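Worksheet: one structure, shown below.
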Ligand SMILES: [Zn+2]
Ligand SMILES: [Zn+2]
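Residue numbers (the working numbering): 11 to 551.
Put into structure tokens, the structure is as follows:
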């Protein structure tokens, strides 16, 4: 049987070089390519002409692929477009790794449909299983293979190029889909991983003219987990791949992406022992005065005074605008008001937002680095400017979160029902405003959980952990009866290697402990020290 092969995107590679303002009938193929992979929007450009929108699309394509940014359809651009590639569109903004939605419960099932006749036996299925195992080793993900009639989350199939759910005709090797909430192929399950079985020769390993199944499967499973295309050459999530080539391990760029999507082990409500990382001593509390029971750390006692019940009162999220994946942020811009913007990922506390339901269906949103409240006020006819302010305890600081997809929400200010939106104002910062409903992705926000807010009760007596000022430096941590306020709410954030920081919601100070006597170490809250004395290990019972 002759080996299957295709010259990828032949109409593009035969189009002639074109600069801004020039026209050529063959250039339509280039514009079709830009449309197909997310670099042009329909009905925004003049066919056959390298006009302004087309130039912008070419520039983005060139940036995404590390080419000279000429805005001209030139030789390097033509050569890159004429490369076998993935069928998924490239992201709207080129950042090192670009993440979309994650699965809320990353315990996924997959099933095989048809294989390919290119490979003997069932070696193509084993190649896909190997790719699955590579991702499972990189993040807290679990995959289980099931039968095709057992409602899998992911269905793997070799299909003709004119695949009904997403055409792969012309040089696309395979396509997948993003998780629920970010899907572009199908809203339901299973999500596809479809290989083009018409135009490409599938092989296991590096074979002239053949494409390694494991290499392509590793890339496509990245999409199924929520990763978009990367602009880092050599990463698994780069959009193009060569024949006679294997890449079967994840790069730092890919690992950064999947770890951002699936942070390891944020504690869920339940009963825990809590140990200080630096001393390995256990949180405990005992009566010292009528009102307050003082928290200490002690060696393990294996009883209920060292067991703590965590109940959920909120969560901490990185919040991204769906239309471009930029992160909600705020920075000091005036004495009272800090302006909200969206920025590319900084991976710091200024891009983390504490969401605590108020009890009337709305929630407050507070920036983690300073605990200021999200608010908005009128500045001009159409847009209300979003800011953070100190607590006002009114409806301008209460927000209605409406779930419009997995991890996907609209945000409305309770006082006026306007929707949070953002638009480009400068290269670095996009301005965040509220507007009337537009029913589009610019008003939809992706919430990625990065922490939790709990009340913490001692199992032996049900009293709540609290802290209050005893000196300028140390606040004593005690237990008290329920007060239902922020002094009894604690923010738990991952601090690396399975340990966590514990911050009091009322002031953001960190739980710490120091040696006070042979038996008991006093537990206090202090400002951030960024060391193991403020890192705690939670062991669920
Ligand atoms: Zn891809
Ligand atoms: Zn398909």
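For glycine and all other residues, C-beta sits at the position ideal for the given N, C-alpha and C.
None of the values given here were measured: they were computed from a predicted structure.
For residue j and residue i, the rounded distance between their alpha carbons
i	j	result
residue 306	residue 373	33 Å
residue 519	residue 438	31 Å
residue 533	residue 463	19 Å
residue 263	residue 235	15 Å
residue 108	residue 90	For residue 108, the pLDDT reaches just 46, beneath the cut-off of 50, and the residue's location in the model is therefore unreliable, although a value from the coordinates is still provided. One C-alpha to the other measures close to 20 Å.
residue 21	residue 355	37 Å
residue 309	residue 540	23 Å
residue 369	residue 363	18 Å
residue 502	residue 172	49 Å
residue 419	residue 214	42 Å
residue 413	residue 457	10 Å
residue 93	residue 433	34 Å
residue 282	residue 377	27 Å
residue 186	residue 278	31 Å
residue 335	residue 316	42 Å
residue 95	residue 68	17 Å
residue 297	residue 473	11 Å
residue 361	residue 291	32 Å
residue 493	residue 480	19 Å
residue 207	residue 223	11 Å
residue 189	residue 60	35 Å
residue 265	residue 259	10 Å
residue 134	residue 204	13 Å
Distance cut-off 7 Å: residue i Cβ against heavy atoms of ligand 2
i	result
residue 185	yes
residue 8	Any question about residue 8 goes unanswered here, given that the chain covers just 11 to 551.
residue 204	yes
residue 169	yes
residue 173	yes
residue 176	yes
Among the options, the one whose alpha carbon lies nearest that of residue i
i	options	result
residue 384	162, 370 and 444	444
residue 58	67, 42 and 66	42
residue 403	394, 382, 422 and 413	382
residue 56	39, 85 and 70	39
residue 358	328, 498 and 376	328
residue 257	325, 188 and 230	230
residue 246	144, 77 and 182	144
residue 261	249, 525, 243 and 250	243
residue 178	459, 276, 239 and 19	19
residue 313	85, 121, 471 and 118	471
residue 162	123, 83 and 74	123
residue 164	435, 423, 476 and 119	119
residue 111	233, 141, 468 and 155	233
residue 216	237, 253 and 180	253
residue 287	551, 515 and 543	543
DSSP state of residue i mapped onto helix, strand, coil
i	result
residue 433	strand
residue 420	strand
residue 523	strand
residue 104	Model confidence at residue 104 stands at a pLDDT of 35, short of 50, so the residue's coordinates are unreliable and nothing is read from them.
residue 113	coil
residue 257	coil
residue 78	coil
residue 179	coil
residue 384	strand
residue 319	strand
residue 297	strand
residue 360	helix
residue 126	coil
residue 305	strand
residue 72	helix
residue 325	strand
residue 247	coil
residue 196	coil
residue 549	strand
Classification of residue i by the beta-carbon crowding that lies within 10 angstroms, buried from 16 upward
i	result
residue 51	exposed
residue 138	buried
residue 407	buried
residue 489	buried
residue 104	With a pLDDT of 35 at residue 104, under the threshold of 50, the predicted position of this residue should be treated as unreliable, though the coordinate-derived value follows. Buried, by the Cβ-count rule.
residue 513	buried
residue 209	buried
residue 160	exposed
Distance cut-off 7 Å: residue i Cβ against heavy atoms of ligand 4
i	result
residue 478	With respect to ligand 4, the structure shown offers nothing to examine, as its ligands consist of ligand 1 and ligand 2.
Proximity test, residue i beta-carbon vs ligand 1 heavy atom, cut-off 7 Å
i	result
residue 98	yes
residue 277	no
residue 233	yes
residue 239	yes
residue 249	yes
residue 210	no
residue 94	no
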